Amino acid sequence: MGYTQSTEAATSAAPLRVQQNAASSSSDSGSAGGNGASKVKVWECTITSGAPLKRDTGTGIQIVIVDRVSETRSDPVSIDTWRPPVVNPNTDGTSGWRRSGPITLPASISEPGAVLIRTDREKDGHATVEFIGTIKLVSAKHVYVLTPNSWVSSDQGWRTCFIGEAFLPKDTPRSLLDDRKDELKQLQAGYLFRSPYLQGNPTTRMEERKPADRIYWYQTYDDLSAGSEHRPRLGGSKELPYPRRLATNRGTQPNSDREKPPAKGEKMWLPFDEQFSYHKSVDFQGATLEALPAAAAGLARAGLGRRTFNSFDDVLRMFYDDSRAPAELNPSSATKAAGWDFSLDDAEADSINRSILADRKGPAGAPGFADDDDDIDDVTAARGARAAADGHGLLPEPGVLGAVLDRVKNKGINDLLRFPVPKVLDGRRDAWDSDTEMGRQALAGFNPVTLTALRELPEKLGSAIRSEHVNDDLQGATLESLVADAQAGGKPRLFWQDYWALSAYWGEAGKDQNQPGKIVQHAGRALYYLRKDVEKGDKDAGLVPIAIELAHPNTAKELGLKPSEGVVYSRSHLRTGDAWVVWELAKAVFRSLDTSVHQLDSHFTRTHACLEPFLIAMRRNISYMHPVFKLMLPHFRYTLNINRNARSSLINAGGIIEKTFSAGEYAMRLAAKLYGATWTFAGQALPEDLKRRGMLGPDGNPWLQYPYAQDGMRIWDELEKYFDSYLQLYYKSDADVTGDEELQAWWAEVKAEGHPDPVKVCGRTEAEVWGFEGPIPSIDKLVHVLVTIAYMASAHHAAVNFGQYDFSSLILNNSSLIRRHMPVEGTAAWEELVGARGNAQEKVYMTYLADPFSAVQVMATIKLLSSHARDEQTLDELNEYLVDKPAVEANARFAAAMKDAEATFEMRNADPEMWARYGLVPPGPDTESPLPYTLLMPSSGSGVTMRGVPYSVSI
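Residue numbering for the sequence shown follows UniProt numbering, starting at 1 and increasing by one per position.
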């Protein structure tokens with residue numbers, strides 16, 4: 001879609017090109033158009049919208065039909081003469097609207113190629129906006145469908161909605177060439193009305209953004225500071241390399257490299273088409289992240305910040321069952337203490353719920369409730385004033401409010417602060433502290449993407465782990481022999497997680513983190529052994545940690561160790577006697593490191609941050625008509641919106657990550673360090689990632705039971721088949737790929753502008769980072785590039801996101817922060833822990849993990865982030881942007897393949913031989929229940945489900 005005229009001109013006249021072509025067509029063919037022509041035809045037109053039917057919805061809209069054969073353009077048609085709009089059901093169970101009516105067209109229009117559309121301002125001058133989902137044109141012989149799926153504002157003048165068919169640039173109908181080019185110019189540089197010659201001016205991409213702007217450009221992460229808390233810019237330097245984000249252009253603060261914050265009460269600018277849909281915006285999880293600080297303040301005032309965990313049972317009492325009563329997770333407990341109550345008082349909860357309501361608006365600034373409902377007049381008035389100030393005066397009909405109010409009452413802030421039993425605990429109360437469970441979670445937990453086969457001795461990697469620490473756990477083998485076997489190409493039995501990079505800011509942060517009561521950023525490594533069942537022919541019998549190496553900012557100085565070494569905690573040395581609790585604590589501290597690496601690298605950087613530049617470059621360089629655009633757009637749905645929200649309240653100074661993770665204010669600096677040290681685009685492809693980590697055997701299958709890899713490769717393979725068959729519908733040769741100027745401009749720009757740092761400042765070669773040099777050379781390479789992006793947006797993100805609540809809400813399993821230095825033998829801290837007994841020992845243990853105040857903030861956050869919205873689009877659903885029949889058929893085959901894959905995953909989960917999914921022993925009264933691996937099941941309902949693979953990074 002693209003502009004065809006300035007806003008000023010659009011308010012009083014049809015587009016210049018519309019008038020010229022209508023006039024010429026009337027003389028050539030006697031068509032209609034206000035020129036006295038007599039030859040006309042009447043078609044039926046239907047416009048649908050996924051946004052709800054509200055007051056004045058579907059009015060004040062004009063359309064122009066463009067013929068792709070004759071180049072005829074009709075006169076503008078007002079849909080206000082049509083039948084009134086009616087409610088139209090959406091496929092996700094929500095409701096939109098539909099409006100139909102006749103249109104009178106010149107006889108020379110026989111094959112529409114585009115529809116120009118605009119909305120009029122309200123009589124009082126306020127801007128209007130409409131979400132246009134589909135436009136269907138029905139003639140006597142044919143049906144033509146356009147799928148704009150776009151917000152159209154009266155501040156944008158005329159917009160171009162192209163026919164649903166896909167065209168490479170070289171195949172574009174002549175009548176649509178100029179529109180295709182104009183659209184990209186506007187997305188690259190700005191509104192047509194900013195230039196009198198219908199051309200964008202490149203300088204407009206640097207101007208301050210206005211609400212209805214559709215300009216895409218790049219900017220560093222220079223907006224993470226807050227008030228007096230300064231955070232350095234991420235991106236553009238060797239010290240802090242990082243991907244670029246969407247430019248918001250608010251200008252910098254005086255004498256600073258910090259971008260100015262938005263005006264009080266306003267959000268960061270975002271193009272309408274990148275914002276949450278109306279229905280997602282009114283869903284609870286779509287608007288509540290920014291309310292969590294207010295909830296935390298309320299909990300602090302209620303005294304939660306002064307409370308502590310006194311035992312493991314105390315932690316378990318945080319969870320409630322379906323009846324909203326405290327869950328009975330320890331029936332044998334002698335004490336039946338009440339569960340934790342994190343509920344805010346009614347007045348405080350009501351205030352927060354009202355603020356959430358006030359923040360729920362569609363992309364146009366629509367608040368989501370009516371101004372004539374007395375129940376929230378104050379909120380409505382505030383939102384109405386703000387909407388008017390923005391130039392948006394949209395307010396929906398009464399009745400929408402009632403549904404929203406009911407949802408907030410039932411799903412308000414206090415509901416968020418009530419926590420169901422996570423699946424890691426449900427029916428398996430004591431599983432969390434077993435060694436086999438820690439190993440299983442490295443393969444099938446919420447961060448299954450870091451485990452590496454060990455093919456070098458740990459000391460060559462800077463580690464202090466030696467054979468004396470592990471040989472007793474190796475079933476007769478030695479560290480050296482197992483490493484040698486792996487080096488020779490044999491099956492590896494030792495695996496490795498190395499999180500030493502978390503020590504990067506010890507020099508800066510060490511002073512603060514050495515004070516009592518401060519959080520501590522450890523660094524560490526874990527060595528795992530793949531056990532054998534000698535009674536069953538040496539079958540694999542579980543992965544267990546056998547040594548954990550930990551250090552904190554003072555370790556090297558206090559113990560005289562090398563900077564790259566830490567204290568080694570040996571399983572075989574500590575699992576017997578009183579010191580077993582030290583082994584349990586070492587695992588807990590290491591899992592906390594895993595939580596940090598997961599959140600900062602595996603999750604946010606590798607998916608949210610790294611994918612954003614690909615969308616910016618696509619919007620700027622690849623037309624809506626392009627087959628690649630139609631294929632890939634679902635994989636970017638809502639990504640820019642959720643990333644904006646993250647910069648506002650999650651990863652910013654004083655945000656949730658800084659307050660509740662051990663890295664504190666250095667969290668995003670660590671993320672930048674990890675990106676600079678490890679990220680390559682080539683390495684994001686799942687097969688390449690698994691090969692790099694040594695996890696695949698010579699047959700291309702994982703060496704061991706690895707649910708993430710096994711299920712992930714099935715999805716990868718199906719994506720490859722689908723993308724290959726789809727792209728070959730349009731690219732008939734490799735020359736078509738190399739000659740596609742839009743595609744090649746996208747690829748060049750994402751490397752030069754979106755991800756410049758790995759090559760420009762980190763010193764890697766283009767081939768190392770991107771897999772090859774120069775343009776995309778072939779169909780095969782294009783398939784690989786696009787599948788890599790699609791997999792990271794869908795399956796990888798699902799694997800590391802939707803299990804967060806079910807694994808990490810139990811802080812005994814994953815604590816986001818550590819509050820004390822890991823104790824060393826011979827110290828008072830060691831004796832305090834080892835010498836205590838029973839609940840007293842558990843109380844000491846809990847002083848190392850997150851406190852209740854930090855824990856509940858993390859639990860509420862990951863409960864939100866693990867939730868699917870009602871309008872989620874998962875891989876087993878169809879891509880609504882595809883219209884060409886062969887493309888639709890290819891997409892349908894892929895959706896069917898996803899359903900087949902889901903059935904396969906179900907069978908794998910039910911197989912007792914699959915120990916990484918089912919468990920090492922059959923479930924029974926005295927054993928934990930299996931925990932099936934469901935994170936890559938394509939389908940899911942709404943809410944926290946621990947399954948579902950959406951197309952995109954949408955939460």
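Where is the CB? At the ideal position from N, CA and C, for every residue including glycine.
As the structure is a prediction and not an experimental result, all values here were calculated from the model.
Take the alpha-carbon of glutamine 705 and the one of glutamate 906: they are about 15 angstroms apart. Straight across, the Cα-Cα distance linking arginine 258 with aspartate 223 is about 6 angstroms.
About 6 angstroms separates the beta carbons of valine 544 and threonine 436, which is inside the 8 angstroms limit, making them a contact pair. The criterion of a C-beta distance shorter than 8 angstroms is satisfied by isoleucine 109 and serine 74.
Here arginine 174 is exposed: its Cβ has fewer than 16 other Cβ atoms, across all protein chains shown, within 10 Å. When Glu872, Ala799, Gln728 are compared, the shortest CA-CA separation from serine 281 is found for Glu872. Linking glutamine 188 to asparagine 621 through their CA atoms gives a straight-line distance of about 8 angstroms.
The three-state reading of DSSP puts aspartate 350 in helix, counting H, G and I together.
Annotation for glutamine 62: the continuous beta strand (DSSP E) segment containing it runs 61-67. Contact between the stretch 772-792 and the stretch 677-693 is present: 3 or more CB-CB pairs across the two stretches fall below 8 angstroms. In the structure shown, the three-state DSSP call for isoleucine 519 is coil. Per the C-alpha coordinates, the member of Val520, Ile955, Ser854, Phe312 positioned closest to arginine 870 is Ile955.
The three-state reading of DSSP puts isoleucine 657 in helix, counting H, G and I together. As summarised for the stretch 611-686, the continuous alpha helix (DSSP H) elements at least 4 residues long and confined to that stretch are 627-632, 639-649, 656-660, 667-678, given in chain order.
For arginine 525, the three-state secondary structure derived from DSSP is strand.
According to DSSP, arginine 429 shares a beta bridge with no other residue. Taking the Cα positions, alanine 588 is about 10 angstroms away from methionine 846. For alanine 860, the enclosing alpha helix (DSSP H) starts and ends at 852-865.
With a beta-carbon spacing of about 5 angstroms, threonine 160 and alanine 114 fall inside the 8 angstroms limit used to define contacts.
Histidine 469 places its beta carbon less than 8 angstroms from that of serine 570. Apart from the 5 residues on each side of it in sequence, threonine 595 sits with its Cβ closer than 6 angstroms to the Cβ of Asn814, Ser816 in its chain, given in chain order. Shortest Cα-Cα distance from alanine 890 to any of Arg692, Gln728, Pro938 involves Gln728. Look at serine 564 here: in three-state DSSP terms it is coil, with no helix or strand label. Serine 467 has its alpha-carbon roughly 59 angstroms from the corresponding atom of serine 623. Straight-line spacing of the CA atoms in leucine 696 and alanine 453 works out to 9 angstroms. For threonine 788, the enclosing alpha helix (DSSP H) stretches over residues 779-791.
If you look at phenylalanine 312, you'll find it in the alpha helix (DSSP H) that goes 312-316. In the structure shown, the three-state DSSP call for proline 420 is strand. CA-CA distance, threonine 147 to isoleucine 79, rounds to 18 angstroms. Alanine 896 sits exposed, since fewer than 16 C-beta atoms from the chains shown fall within 10 Å of its C-beta. With contacts defined as CB atoms closer than 8 angstroms, glycine 60 and threonine 104 fail to qualify as a contacting pair.
With contacts defined as CB atoms closer than 8 angstroms, tyrosine 933 and proline 707 qualify as a contacting pair. Histidine 142 sits exposed, since fewer than 16 C-beta atoms from the chains shown fall within 10 Å of its C-beta. One thing to note: alanine 296 has its Cβ no nearer than 8 angstroms to the Cβ of isoleucine 352. In the displayed model, isoleucine 356 falls within a helix according to three-state DSSP. With fewer than 16 other beta carbons inside 10 angstroms of its own, alanine 488 counts as exposed.
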